[in-house]
Amino acid sequence: MIERTTPDFGRLVFDRDAIVRAALRAYVETCLHGIARFESPAYNWVAWRGGVERGALSHIRDSYNMVVAWTEAGIVGLASDGSGPIQHGTLAPDAVTGGPDDVRWALPGLPEELEPALVLATSTLDVGCDHGERMVGSGFWLYGERLGETFFGEPWNSGSPWLAAWGLLHKGRLLQRSCESHPRPGKVVVNHVRPEDAPAHEIMDAVVDRRLKGLTEFTPAELETLLHPGLGPEQLLGAQRSLQIVGITWPGSPELPPATPQPRLNPFTLHPHVCPKHFEHLIESFGPVQFSREVIVRAALRAYVETILAPLDPLARHNLPACAVPKWTGDLQRGAFFNGDGCGNYDVVAWTEAGVVGLAYKRGAAPIEQLGAALPGLPDELLPALEMAAGLLEVGAHGEKLASVGFWLHGDRTAGTLFDDPTLPGARRLVAWGALDRIVPWGTVDETGKGRLPLLGDRDTAALAIELARTTAAPIHALIDAVTDRALKGPTELLPDELATLLPTPPDPERLLAAQDMLKKVGITWPGSPVIPDEPRPTGSAK
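Just so you know, we're using numbering that gives the first Met the number 0 here: the sequence shown kicks off at 0 and counts up by one.
(1) Tell me whether residue 423, by its Cβ, gets closer than 7 Å to a heavy atom of the ligand PLP.
(2) Just curious, the alpha helix (DSSP H) that residue 428 is in, first and last residue?
(3) Please go through the stretch 20-79 and give each complete beta strand (DSSP E) segment of 3 or more residues, from N-terminal end onward.
(4) Closer than 6 Å by C-beta to residue 325: which residues in its own chain qualify, once you throw out the five before and the five after it? Chain order, please.
(5) Check for me: the alpha helix (DSSP H) holding residue 610 runs from which residue to which?
(6) Do you know offhand how far residue 58's Cα is from residue 46's?
(7) Based on the DSSP output, what are the partners of residue 349 in its beta bridges?
(8) Rounded to a whole number of angstroms, what is the C-alpha to C-alpha distance between residue 460 and residue 371?
(9) On the three-pair Cβ rule with 8 Å, is the stretch 342-355 touching the stretch 309-319?
(10) When the distance is taken between beta carbons, is residue 493 closer than 8 Å to residue 482?
(11) From 464, 403, 349, 506, pick the residue whose C-alpha is nearest to that of residue 369; which is it?
(12) Pull the bridge partners of residue 11 from the DSSP assignment, please.
(13) Check the C-beta distance from residue 199 over to residue 335 and give it rounded, since I have them as a contact under 8 Å.
(14) Give me the Cα-Cα distance between residue 349 and residue 414, rounded to the nearest whole angstrom.
(15) Comparing C-alpha positions only, which one of 426, 323, 238 sits nearest to residue 467?
(16) Look up residue 414 in the DSSP assignment and say whether it is helix, strand or coil.
(17) Check whether the stretch 416-427 touches the stretch 381-389, counting contact only when three or more Cβ pairs, one atom from each stretch, lie closer than 8 Å.
(18) Go ahead and pull the three-state DSSP assignment for residue 246.
(19) Could you spell out the range, first to last residue, of the alpha helix (DSSP H) harbouring residue 326?
(20) Taking the C-alpha atoms as reference points, what is the distance between residue 479 and residue 296?
(21) Is DSSP giving residue 525 helix, strand or coil here?
(22) Look at the Cβ atom of residue 512, then the Cβ atom of residue 294, and state whether they are nearer than 8 Å.
(23) In this structure, how does DSSP classify residue 206 when only helix, strand and coil are distinguished?
(24) Tell me, to the nearest whole angstrom, how far the beta carbon of residue 138 is from that of residue 56; I am working on the premise that it is less than 8 Å.
(25) List, from N- to C-terminal side, the alpha helix (DSSP H) runs of 4 residues or more that fit wholly inside the stretch 477-502.
(26) List the endpoints of the continuous alpha helix (DSSP H) containing residue 83.
(27) Out of 502, 514, 30, 488, which one is the CA nearest neighbour of residue 241?
(28) Determine which residues share a DSSP beta bridge with residue 405 and list them.
(29) With distance defined between alpha-carbon atoms, name the residue in 105, 329, 290, 234 nearest to residue 433.
(30) Within a Cβ cutoff of 6 Å, which residues of the same chain sit near residue 209, ignoring the five residues on either side of it in sequence?
(31) Residues in the same chain with beta-carbon distance under 6 Å from residue 133, minus the five sequence neighbours each way, listed in chain order, please.
(32) Can you check which of these residues, 519, 226, 72, 359, is closest to residue 417 by C-alpha distance?
(33) So, are the CB atoms of residue 12 and residue 0 less than 8 Å apart?
(34) Decide if the stretch 163-174 is in contact with the stretch 103-121; the criterion is three or more beta carbon pairs, one per stretch, under 8 Å apart.
(35) Helix, strand or coil for residue 138 per DSSP?
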């Protein structure tokens, strides 16, 4: 065990066994989140590799990624805030290996005994888009009574707070990161356990401690206290499979069937439909695609409804919606939808009776000077759609509209820079509108999610979204599908049984009012709710 005190993080205590236990406990929390009686895990998503003797726990959120890996010898921890060794000036582009040598600069003096942990940790890191380097901004290693690090000197940069959290464990538990308003060093939460969450945390502690001594399983009494009532077998299956990986099982449960392998699409094999010649570059990069006005409009409406309804669920059964920042204008005949990820990346689709225009932008990319350059050959009939799409684009520092790639669809004709060069920044976001029966570009077929705009993340996050859609999030997805299909036929309202599914407890009135106001734009209302007044116009606005 090694202690360090810093002005920014306070007293840090690093201990190999405590970190391994906290990693296992964080994994158990994440597996049970949504079906167990506690509010928030340390991480909403994690990946586990190996075992409790040699293994790793990794986490990705937006542009951040963090991993701790361990062997019998000690610990290696690495983190990044989206910048890597090239941005930090510690690695030249022509020296990139894509392996452990890319990240050694973050682990000065690493003992040879920790090389296996370094290899395991490096394998989980993001890869830079331009040069293929492993992305890391800070790191630490722990070997016996020795510690090496590169994050004390840059306390709020390069992912350092994610690593400091492993020295701020609370009774063996990794604490949830928090907003700036919490004064605790390391930006971890102050209220570690809500009183109503305490029984669940006590059970998780007990199960984790048993697992560290050998394979274990929940007792019936533990499950009765831990889980929300009324959960069906299909809702538990995902957690059972995930916990089985670390040697924790359900009492008396039969051996779980292996997860059904999802067929992978050959990126050079066309869909049954006939693709125009200019689709070939797109297919080579992303696999089969098919653009349809009706399918795109439905998916846009569904994504908008999903983004509004899913966060209202007090059980947080569906916390990976396709869109983070939605905007809607117009209607189902002539309208537009903005799909943002909250990090500066977005796409916009706009439609009229004549067809569809799509534009996208990737943060940091150089925007095209004229929007028309992204839409070569745009028919005059689609100019109204272009105008609506342009109206939702973000604006740059010099007043320019930010877009880096585009496409248009008119009848059975399509064109745009998306087809000319599918490597352009933002292309992946537009391809999703032509691949609404799968997750792009990983080629994973998702038969349960046809017609849904997919969550665009890394491979593991996309796979997690699919798994949740089949398990804990399934009731919310079914509700959203039903509401969307009714709204396509005309104004509708949420049914009482749908509200009972979505809101087992009363929601916050302000959040509910905001949701009602947003849904009103697409003709969806609440049963028995009063008419929501229009927002007052600013003084001097046009009538």
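Glycine included, every Cβ here is placed at the ideal spot set by N, Cα and C.
Well, looking at it:
(1) The ligand PLP is not part of this structure, which contains no ligands at all.
(2) 426-430
(3) Segments of the beta strand (DSSP E) lying fully in the stretch 20-79: 46-49, 54-60, 63-69, 73-79.
(4) 303, 306
(5) No information on residue 610 is available, as it lies outside the stretch 0 to 542 that the chain covers here.
(6) 7 Å
(7) In the DSSP secondary-structure assignment, residue 349 is bridged to 335, 356.
(8) 34 Å
(9) no
(10) yes
(11) 403
(12) 3
(13) Not confirmed; about 44 Å, so no contact.
(14) 15 Å
(15) 238
(16) Residue 414 falls in the strand class under three-state DSSP.
(17) no
(18) Here residue 246 carries a coil assignment [DSSP, helix/strand/coil].
(19) That residue, residue 326, is in no alpha helix (DSSP H); its beta strand (DSSP E) goes 324-329.
(20) Roughly 15 Å separates the two Cα atoms.
(21) coil
(22) Not in contact: residue 512 and residue 294 (Cβ atoms no closer than 8 Å).
(23) helix
(24) Going by Cβ atoms, the distance from residue 138 to residue 56 rounds to 15 Å, so no, they are not a contact pair.
(25) 495-501
(26) No alpha helix (DSSP H) contains residue 83, which DSSP labels as neither H nor E.
(27) 30
(28) The secondary-structure analysis by DSSP pairs residue 405 across a beta bridge with 358.
(29) Among 105, 329, 290, 234, the Cα nearest to that of residue 433 belongs to 290.
(30) 215
(31) Excluding positions up to five away in sequence, the list reads 101, 102, 121, 124.
(32) 359
(33) yes
(34) no
(35) strand
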